[in-house]
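Trainee: Going down the list, the protein sequences come from chains G and W.
When the letters of the first sequence are read in order and numbered with our numbering, they come out as residues 2 to 353.
When the letters of the second sequence are read in order and numbered with our numbering, they come out as residues 2 to 353.
Note that the Cβ used here is the ideal one computed from N, Cα and C, for glycine as well.
Number of protein chains: 2
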Amino acid sequence: MKKIMKHGGDLLTYKDKFHGELIDYSSNINPLGTPPNLEAKIMENFSTVTSYPDIKYRELKKSVGKYLGCEISNVVVGNGAMEIIDLFNLISKRVLTLSPAFSEYSFRAKIHNKEYLELKYKEDFTIDMEELEANIRKDDLIILGNPNNPTGMRIPKDELIGIYELVKMREAYLVLDEAFFEFVPEDYDSIEIFREYGYENIGIIRAATKFFGMPGIRLGYGCVSKEMVEILDEKAVTWSVNCFADIAGRYIFDEKEYIEKSKAYIACEREFMLKQLKDIDGLYIYNTLTNYILIKLKNRDEEEVFEEFLKYGFVIRKCSSFKVLGDNHIRIAIKDRENNMKILDAFKQIKF
Amino acid sequence: MKKIMKHGGDLLTYKDKFHGELIDYSSNINPLGTPPNLEAKIMENFSTVTSYPDIKYRELKKSVGKYLGCEISNVVVGNGAMEIIDLFNLISKRVLTLSPAFSEYSFRAKIHNKEYLELKYKEDFTIDMEELEANIRKDDLIILGNPNNPTGMRIPKDELIGIYELVKMREAYLVLDEAFFEFVPEDYDSIEIFREYGYENIGIIRAATKFFGMPGIRLGYGCVSKEMVEILDEKAVTWSVNCFADIAGRYIFDEKEYIEKSKAYIACEREFMLKQLKDIDGLYIYNTLTNYILIKLKNRDEEEVFEEFLKYGFVIRKCSSFKVLGDNHIRIAIKDRENNMKILDAFKQIKF
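(1) Would you grab the beta carbon distance between Val242/W and Asn80/W for me? Rounded to a whole angstrom, and I think it's under 8 Å.
(2) Quick check: is the beta carbon of Lys236/G nearer than 9 Å to any beta carbon in chain W?
(3) With DSSP as the reference, label Cys224/W as helix, strand or coil.
(4) What distance in whole Å lies between the Cβ atoms of Lys299/G and Phe307/G, which are believed to be in contact at a cut-off of 8 Å?
(5) To the nearest angstrom, how far is the alpha carbon of Asn1/G from that of Ala180/G?
(6) Please decide whether Cys244/G counts as near chain W, where near means a Cβ-Cβ distance under 9 Å.
(7) List the residues of chain W whose Cβ lies closer than 8 Å to the Cβ of Ser241/G, in chain order.
(8) Along the chain, which unbroken stretches of the alpha helix (DSSP H) at least 4 residues long are found entirely within the region 158–205 of chain G?
(9) Using beta-carbon positions only, say whether Ala82/G and Leu145/G come within less than 9 Å of one another.
(10) Taking the alpha-carbon positions, what's the Ser93/G to Glu119/W distance?
(11) Using the C-alpha atoms, what's the distance from Thr210/G back to Glu309/G?
(12) Using C-beta distances below 8 Å, list every residue in its chain close to Asn136/G, excluding the 5 sequence neighbours before and after it, in chain order.
(13) Could you tell me if Asn150/W is buried or exposed, where buried requires 16 or more neighbouring beta carbons within 10 angstroms of its beta carbon?
(14) Once the 5 residues before and after His20/G are set aside, which same chain residues still bring their CB inside 6 Å of it?
(15) Name the DSSP bridge partner or partners of Arg332/G?
(16) Which residues in the same chain as Lys352/W place their Cβ atom closer than 7 Å to its Cβ, once the five residues preceding and following it in sequence are excluded?
(17) Please identify, using Cβ separations under 7 Å, the residues of the region 195–229 of chain G that lie next to chain W, in order along the chain.
(18) Note down the Cα distance separating Phe108/G from Val325/W, rounded to an integer number of angstroms.
(19) In terms of residue numbering, what span does the alpha helix (DSSP H) encompassing Leu133/W cover?
(20) How far does the beta strand (DSSP E) with Ile85/W in it reach, from first residue to last?
(21) Under 9 Å between the Cβ atoms of Tyr53/G and Pro216/W?
(22) For a contact meaning CB atoms closer than 9 Å, what does Leu91/G contact in chain W?
(23) Tell me whether Leu23/G sits in a helix, a strand or coil according to DSSP, three-state version.
(24) Applying the 10 Å Cβ sphere with the 16-neighbour rule, what's the burial state of Met2/G?
(25) Got a sec: is the Cβ-Cβ distance from Pro54/G to anything in chain W below 9 Å?
(26) Name the chain G residues whose beta carbon is nearer than 8 Å to that of Thr51/W?
(27) Compile a chain-ordered list of the residues in the region 6–30 of chain G whose CB is closer than 9 Å to at least one CB of chain W.
(28) Could you work out which residues of chain W lie near Glu40/G, taking near to mean beta carbons separated by less than 8 Å?
(29) Counting only runs that start and end within the region 33–109 of chain W, where is the alpha helix (DSSP H) found for 4 or more residues in a row?
(30) Give the DSSP-derived three-state secondary structure of Arg207/W in the structure shown.
(31) Taking all protein chains shown into account, decide if Gly214/G is buried (16 or more other Cβ within 10 angstroms of its Cβ) or exposed.
(32) Report all residues from its chain with a CB closer than 6 Å to the CB of Arg271/G; omit the five preceding and five following residues, and keep chain order.
(33) Okay, do the region 180–189 of chain G and the region 283–298 of chain G touch, 3+ Cβ pairs below 8 Å being the bar?
Written out as structure tokens, the structure reads:
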């Protein structure tokens, strides 16, 4: 039976299919690993495990606020970005998404028995503003990846402001999932843009997961209006952020050197990978601003190609769970040069 | 303004009221701390932080199943017991609780816009079976602490089976919050009792939080029917259990010596504390099977007494958030002998 792959990173499921250690190209994590002193910081503060985390996450919010450049009273934190995004379902009537997008957006709406509407991006993965305008209703929750997963594209600044004005006028709410924000070459910062609006009707959600290389620890955070902080804090399950995520979040944002190095490293590897991949026949390589690359298979099926990569020891991401993409797209991470060379070798061996 | 105290463990809020380190008697954590090798185990496996936790928590569930004495396919895990209990709201029509009880039960129902009905325990904190029987409806979710917080009492075995039969007949669902299970002197084990029923219409939820002394790590688990495992696993936010909770849960249950020592220690301190407290005028000391003691203030208000304990450096638990208890009850933890002696000294100084 063909299995839909809803998430990356699940190497355990495939471990018996390859003799040796599988290399994960299905989840998109900073290849430089965690900030250098993370382990030491957690060890230093290990005894916090014997107490409940601060019920209000005061120190954590202070650190996040400083990093994001917003007031502490605008900060929400969560057990991964998904917990925060999930909470918005509790205050919306209907969820509106554009496909292809992270499948959890509409799935969580379903879990909460909310109505949801999945519109489509245009063929070039830009937003059909007319269609969006025709569909936004009062109390809608519009969730947009920015940059979007799996396309790797970001909403242009003017368009984003246009969408926001529309959302506000209609009394709807816009959630930007910016989990991959730091990987994007410097451009605009949504948190700066919407500061003057007091983040009314908009939530900008980010995460330590990907850029800070720690998906295991579960730390999401975001910037919303002060009123929305109170609503979300009340709705979240108490102590949902664990003590180690709390410690990590008080420290990682000060690691300026690691942050700059990671940005530069990914920028370089992204260019390298895109250039190399574009030379391979049978593939259409989408541009990307992030640390993953969406690839269209001109002649082949995701399942076959997935199995071939497995034989070479790589787990890649099949993309049919992103719905409109059908079964002829794959997504791969951008990792360190050594592994990138290895997977490029596999790309050159496989007949597309 | 008088502030309702919804949860214990929030020392930060009171830190400016006392010169010195506050001692927490408001949350009920094993005074022996975590199992001895927890820190080493987490360090050994620190690199798991750079990957997503196993999306299916296969090893963790295996360990929990072995400890609980149930099949792996009956095991659910969560970001603390509360995440699991919260998920049941998504599949119920109405939540039914008995007061006094942990305030989150009805609060989470409210968050999910569910109807809820709060009945009362009898004056001696036993269950009014007739009233319960008169009120259970199809698709109700009945949540009972067993032992109950803050009363420290457990449902007698025969009564529990009676309640279960009733719940099943009415096509409702019973959740037993057994977060304090291990502190209770050996008696019946709900997981054994309901094995023959395949855990249909019943969920037994426990946690590493209290007994294993690690509220910071957030690890809850439980035993439910195989069908319910699938439902809850689908409804939970993906990767809600962090990698360190995952590691801890694969190791702590093998620490037999720590487990036995903790049980014996608490049993001894419980007896000591109860005996000492019963000699103090102005207090009514409820019996307890757990590691906390509910106390009725015959002549005084929780707020005044709370402030007096603060002056001695202790944060105790005010109980008015448990609703029916009014403002003349406090709850204190049972900790190590040294601290217990200290708080008993304070008890002897304060005029009740």
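Mentor: For this structure:
(1) 6 Å
(2) yes
(3) For Cys224/W, the three-state secondary structure derived from DSSP is strand.
(4) Phe307/G to Lys299/G, Cβ: 16 Å. No contact.
(5) Coverage of chain G is limited to positions 2 through 353, which leaves residue 1/G absent and any answer about it impossible.
(6) yes
(7) Asn80, Gly81, Glu84, Arg219
(8) 158–170, 191–194
(9) no
(10) 27 Å
(11) Whole-angstrom Cα-Cα distance: 29 Å.
(12) Leu97, Leu118, Leu120
(13) buried
(14) none
(15) Leu295/G, Arg318/G
(16) none
(17) Gly214, Met215, Pro216, Gly217, Ile218, Arg219
(18) 39 Å
(19) 130–136
(20) Careful: Ile85/W lies outside any beta strand (DSSP E), inside the alpha helix (DSSP H) at 82–89.
(21) Yes.
(22) Result: Ile112, His113, Asn114.
(23) Leu23/G falls in the coil class under three-state DSSP.
(24) Reliability of the predicted coordinates at Met2/G is poor, the pLDDT of 49 falling under 50, and the value obtained from them is presented with this limitation in mind. Counting Cβ neighbours within 10 Å, Met2/G comes out exposed, since fewer than 16 surround it.
(25) yes
(26) Ile30, Gly34, Thr35, Gly214, Met215, Pro216, Gly217
(27) Residues of the region 6–30 of chain G that bring their beta carbon within less than 9 Å of a beta carbon in chain W comprise Lys7, His8, Gly9, Gly10, Asp11, Leu12, Leu13, Thr14, Asp25, Ser28, Ile30, in sequence order.
(28) Met44, Phe47
(29) 39–45, 59–69, 82–89
(30) strand
(31) buried
(32) So the list reads Ile335, once near-sequence residues are dropped.
(33) yes
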